[in-house]
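Here is the structure we will look at, set down as structure tokens.
There are 4 protein chains.
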Amino acid sequence: MSKKNQILSAALFLFSNNEYAAVSTIKIAQKAKVSDALIFKHFKNKNNLYTVLIEQSEKIIKNQIDDIKNCVDGKSFLKKIIEFPFDISEENYPYFKFYIKLKWNQQFKTKSIWNEVKDQISFSLDSLQFDDIDKETGLLIIILDGLLENIILNGKISMLQYKYFLIHKYTL
Amino acid sequence: MSKKNQILSAALFLFSNNEYAAVSTIKIAQKAKVSDALIFKHFKNKNNLYTVLIEQSEKIIKNQIDDIKNCVDGKSFLKKIIEFPFDISEENYPYFKFYIKLKWNQQFKTKSIWNEVKDQISFSLDSLQFDDIDKETGLLIIILDGLLENIILNGKISMLQYKYFLIHKYTL
Amino acid sequence: MSKKNQILSAALFLFSNNEYAAVSTIKIAQKAKVSDALIFKHFKNKNNLYTVLIEQSEKIIKNQIDDIKNCVDGKSFLKKIIEFPFDISEENYPYFKFYIKLKWNQQFKTKSIWNEVKDQISFSLDSLQFDDIDKETGLLIIILDGLLENIILNGKISMLQYKYFLIHKYTL
Amino acid sequence: MSKKNQILSAALFLFSNNEYAAVSTIKIAQKAKVSDALIFKHFKNKNNLYTVLIEQSEKIIKNQIDDIKNCVDGKSFLKKIIEFPFDISEENYPYFKFYIKLKWNQQFKTKSIWNEVKDQISFSLDSLQFDDIDKETGLLIIILDGLLENIILNGKISMLQYKYFLIHKYTL
DNA sequence: CATGAATGAGAATTCATTCAT
DNA sequence: CATGAATGAATTCTCATTCAT
Numbered sequence: 000m001s002k003k004n005q006i007l008s009a010a011l012f013l014f015s016n017n018e019y020a021a022v023s024t025i026k027i028a029q030k031a032k033v034s035d036a037l038i039f040k041h042f043k044n045k046n047n048l049y050t051v052l053i054e055q056s057e058k059i060i061k062n063q064i065d066d067i068k069n070c071v072d073g074k075s076f077l078k079k080i081i082e083f084p085f086d087i088s089e090e091n092y093p094y095f096k097f098y099i100k101l102k103w104n105q106q107f108k109t110k111s112i113w114n115e116v117k118d119q120i121s122f123s124l125d126s127l128q129f130d131d132i133d134k135e136t137g138l139l140i141i142i143l144d145g146l147l148e149n150i151i152l153n154g155k156i157s158m159l160q161y162k163y164f165l166i167h168k169y170t171l
Numbered sequence: 000m001s002k003k004n005q006i007l008s009a010a011l012f013l014f015s016n017n018e019y020a021a022v023s024t025i026k027i028a029q030k031a032k033v034s035d036a037l038i039f040k041h042f043k044n045k046n047n048l049y050t051v052l053i054e055q056s057e058k059i060i061k062n063q064i065d066d067i068k069n070c071v072d073g074k075s076f077l078k079k080i081i082e083f084p085f086d087i088s089e090e091n092y093p094y095f096k097f098y099i100k101l102k103w104n105q106q107f108k109t110k111s112i113w114n115e116v117k118d119q120i121s122f123s124l125d126s127l128q129f130d131d132i133d134k135e136t137g138l139l140i141i142i143l144d145g146l147l148e149n150i151i152l153n154g155k156i157s158m159l160q161y162k163y164f165l166i167h168k169y170t171l
Numbered sequence: 000m001s002k003k004n005q006i007l008s009a010a011l012f013l014f015s016n017n018e019y020a021a022v023s024t025i026k027i028a029q030k031a032k033v034s035d036a037l038i039f040k041h042f043k044n045k046n047n048l049y050t051v052l053i054e055q056s057e058k059i060i061k062n063q064i065d066d067i068k069n070c071v072d073g074k075s076f077l078k079k080i081i082e083f084p085f086d087i088s089e090e091n092y093p094y095f096k097f098y099i100k101l102k103w104n105q106q107f108k109t110k111s112i113w114n115e116v117k118d119q120i121s122f123s124l125d126s127l128q129f130d131d132i133d134k135e136t137g138l139l140i141i142i143l144d145g146l147l148e149n150i151i152l153n154g155k156i157s158m159l160q161y162k163y164f165l166i167h168k169y170t171l
Numbered sequence: 000m001s002k003k004n005q006i007l008s009a010a011l012f013l014f015s016n017n018e019y020a021a022v023s024t025i026k027i028a029q030k031a032k033v034s035d036a037l038i039f040k041h042f043k044n045k046n047n048l049y050t051v052l053i054e055q056s057e058k059i060i061k062n063q064i065d066d067i068k069n070c071v072d073g074k075s076f077l078k079k080i081i082e083f084p085f086d087i088s089e090e091n092y093p094y095f096k097f098y099i100k101l102k103w104n105q106q107f108k109t110k111s112i113w114n115e116v117k118d119q120i121s122f123s124l125d126s127l128q129f130d131d132i133d134k135e136t137g138l139l140i141i142i143l144d145g146l147l148e149n150i151i152l153n154g155k156i157s158m159l160q161y162k163y164f165l166i167h168k169y170t171l
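Line by line, the protein sequences give chains G, E, V and U.
Going by numbering that gives the first Met the number 0, the residue at position 99 of the first sequence is 98; the numbering climbs one at a time, nothing skipped.
Going by numbering that gives the first Met the number 0, the residue at position 28 of the second sequence is 27; the numbering climbs one at a time, nothing skipped.
Going by numbering that gives the first Met the number 0, the residue at position 147 of the third sequence is 146; the numbering climbs one at a time, nothing skipped.
Going by numbering that gives the first Met the number 0, the residue at position 66 of the fourth sequence is 65; the numbering climbs one at a time, nothing skipped.
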């Protein structure tokens, strides 16, 4: 792994578990086994490193979401989307944790993770004869958000029951 | 308002909108129109001030929840609990924002806001002939959590539609 | 004991065991079981309290020395002066400790404890047929200083042997 | 001189003339013509800088003492040891002043400067037919301590007379 | 590409002191 | 006489960042 990637990886881990201000560049450098000056060779400043991580996370999350977008059938798409929070590889947890936590930070405007699939969710729910598609869509997103957050924070085991429960509830 | 309360109030506002480390005691003092030394007369240190705010928030949130606990009828209780996030007085938003955000902080173990009413939710759902009470309860709590978080972060207006939608969905 | 004396007593104890700057007025007040504001009612400022203690110590030490000055006989006076460091009441140790330590503090010019009896020492040594009275006097004072300092710092027990040794050495 | 040594040197000078707490890191930095942050790059904290100085002083004092230890003849060794306080190079005064003053500080246990030569003093006094070697040794050390302290605090000039006086007294 | 040395700005905290009561 | 509330100044220490090598 290149030193730049060592820095990114260390920073991601630290930022995902700690506040921005609580993660000093020195700590990042130490965790990355790199001199602290090197951080400023690769990134304009701490904030820029943070921004790069945001972009990286966005990209990785988007990629994961894209994997289920090609599902044309409504039922199987909904099943996929409900399973999504449970199927995230644990090595990607930091990206999600980091990104989701961002919503509490006023300075960064982040988009909802589900933005890209919102329409497809609506479409699928429609095909399943749901009324009030907009609200059903919004509700499902709220649920997905909750599942994901719980999994990221506490692990997937305790949440697994809800996967089957929801699949059954939506008759998928 | 006593100077101690000025400090608490300023700190709550700042902490609810910013990271712990990003809120300096000087900023708190300035917002509270008080010398920063005074903070340390009233609180052992910054962390103690933070802890006091956690306890205060816990108490205030608990009080609000308690207000709906005396509702004996299942249907009206569920209605109340769904309306709860929408009925929070805006002046209490900082307490909720502050407290809910805490879940991202590893050092502080916080309880779920709904802990105190979880049993009553189960009981009420049972009385409404729901199957799989445990999971229905968990799901509803996930939804409530999502509603609350959205309201706290973005205001209640955009979420209002979900209040009526859920009341209707649960046939209350 | 008056509160003023409580302050003086607490301050003496603390100053005798710690540096000036390491003894905060708050600690003095706590030890004296008094509010810290009271210190400034009785003393203009911390430095003044310190100065008062210097004067007090000087007086007490002078009083103790005076007790042996009335000894007219050379031999018995020398015996008395050698015994002096061993005869100090332990409750007066703080005064001595406090005062002797002062010599390391550039801002305060303190006189030697033996100043008042220097002439009498010379006189007594002369009566015992010593040559080079001035230097013998200076040497004895160096020895007395050393004894006293050791006793104050480590207790008298380990030094007791030197009392008899010196009395014998000076054939008293 | 390296900046680290500038810091050590400035700190030694300041600490040897002032209390620990009265020597701020800023003053050290100013005297060393260095930013105060640099102090904390080279030393974990102020206390660590102090500790390093203690070790340095111990080493330097030990080295000076070692220089006279190789004197095998009793008489000439005693002469050397009596001359020792007068032969200290003035540029080393701060080390001695700093180290000797330490005995008033409860937190630091320091050894007597003469520890390393105590046996040799006993041995030499024995060879000169003194009785009660132990006490004679102790007494001489008290005298040496007194001489050294006076020299360090007030300069050697006024004490010089005692050098010749003692050499004569011990018939060296 | 990589680092060690260096620093200015800012953080939390302590302290001596004042003042109203 | 005694205290609680309040503060400005100072202190130790951390941090993001720069620069020479």
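Even glycine gets a Cβ: it sits at the ideal position worked out from N, Cα and C.
Note that the structure is predicted; figures quoted are calculated from it, not measured.
Residues of the same chain with a CB within less than 6 Å of the CB of I132(E), apart from the 5 flanking positions on each side, are S121, L124, D125 in chain order.
With its beta carbon at least 9 Å from every one in chain V, I25(U) lies outside the interface.
E115(V) has its alpha-carbon roughly 33 Å from the corresponding atom of L77(U). Counting only the Cα atoms, I99(U) lies some 27 Å from A9(V). Nearest to I141(E) by C-alpha distance, out of S111(E), D130(E), N153(E), is S111(E). For the stretch 10-24 of chain G, the beta-carbon criterion of a distance under 7 Å to any beta-carbon of chain E is satisfied by N16, E18, Y19, A20, A21. If the five residues before and after I60(E) are omitted, its C-beta is found closer than 7 Å to the C-beta atoms of Y94, F95, Y98, I112, all from its own chain and listed in chain order. Non-local C-beta neighbours of K79(E) in its own chain, meaning closer than 6 Å and more than five positions away in sequence, comprise I67, C70, ordered along the chain. In the DSSP assignment, N153(U) falls within the unbroken alpha helix (DSSP H) covering 132-153. Going by beta carbons, T170(U) and L127(U) fall inside the 9 Å limit. Listed along the chain, the chain E residues whose CB falls inside 9 Å of the CB of I142(G) are L138, I141, I142, G145. Closer than 7 Å at the C-beta level to chain V, one finds these residues of the stretch 90-109 of chain U: K100, K102, W103, Q105. Contact with chain E is absent for F85(G), since none of that chain's Cβ atoms lies less than 9 Å from the residue's Cβ. Per DSSP, reduced to three states, the secondary structure at Q128(U) is coil, with no helix or strand assignment. Judged by beta-carbon spacing, K2(E) lies beyond the 9 Å limit of V22(E), meaning their Cβ atoms are not closer than that value.
Within chain V, no C-beta atom comes nearer than 9 Å to that of F129(U); the closest sits roughly 11 Å away.
Closest in C-alpha terms to T50(G), from the list S157(G), F107(G), I150(G), E148(G), comes F107(G). When C-alpha distances from Q5(V) are compared across K26(V), D72(V), N16(V), A20(V), the shortest belongs to K26(V). Relative to the Cα of M158(V), the nearest Cα in the group K30(U), F164(U), E135(U), N62(U) belongs to E135(U). When DSSP assignments are scanned along the stretch 27-56 of chain G, the uninterrupted stretches of alpha helix (DSSP H) that are 4 or more residues long and fall wholly within it turn out to be 35-41. Beyond the five residues adjoining it in sequence on each side, I150(V) comes within less than 8 Å, by CB distance, of P84, F85, I87, M158 in the same chain, given in chain order. At a cut-off of 9 Å, the C-beta of Y169(E) has no neighbouring C-beta in chain G. Look at L124(E): its C-beta is not under 9 Å from any C-beta on chain G. Taking C-beta separations shorter than 8 Å and ignoring five residues to either side along the sequence, the partners of D144(G) in its chain run S111, I112, W113, following chain order. A residue is called buried when at least 16 other Cβ atoms come within 10 angstroms of its Cβ; A28(E) meets this threshold and is buried. Taking 8 Å as the upper bound for CB-CB distance, L52(G) and L11(G) are in contact here, some 6 Å apart.
For A9(V), the enclosing alpha helix (DSSP H) stretches over residues 2-16.
Our two residues, L101(G) and K58(U), have alpha carbons roughly 55 Å apart in a direct line.
In the DSSP assignment, E82(V) falls within the alpha helix (DSSP H) that extends over 73-86. Chain G places no beta carbon closer than 9 Å to that of F39(E), leaving this residue out of the contacts. Interface flag for L48(V) against chain U is unset, since no Cβ pair is found closer than 9 Å. For Q160(G), the enclosing alpha helix (DSSP H) begins and ends at 159-168. For K134(E), the chain G residues whose C-beta falls within less than 8 Å of its own C-beta are Q160, Y161, F164, listed in chain order. Around the beta carbon of S15(E), 16 or more other beta carbons sit within 10 angstroms, so the residue counts as buried.
Put simply, the backbone Cα of E89(E) is about 9 Å away from that of G154(E).
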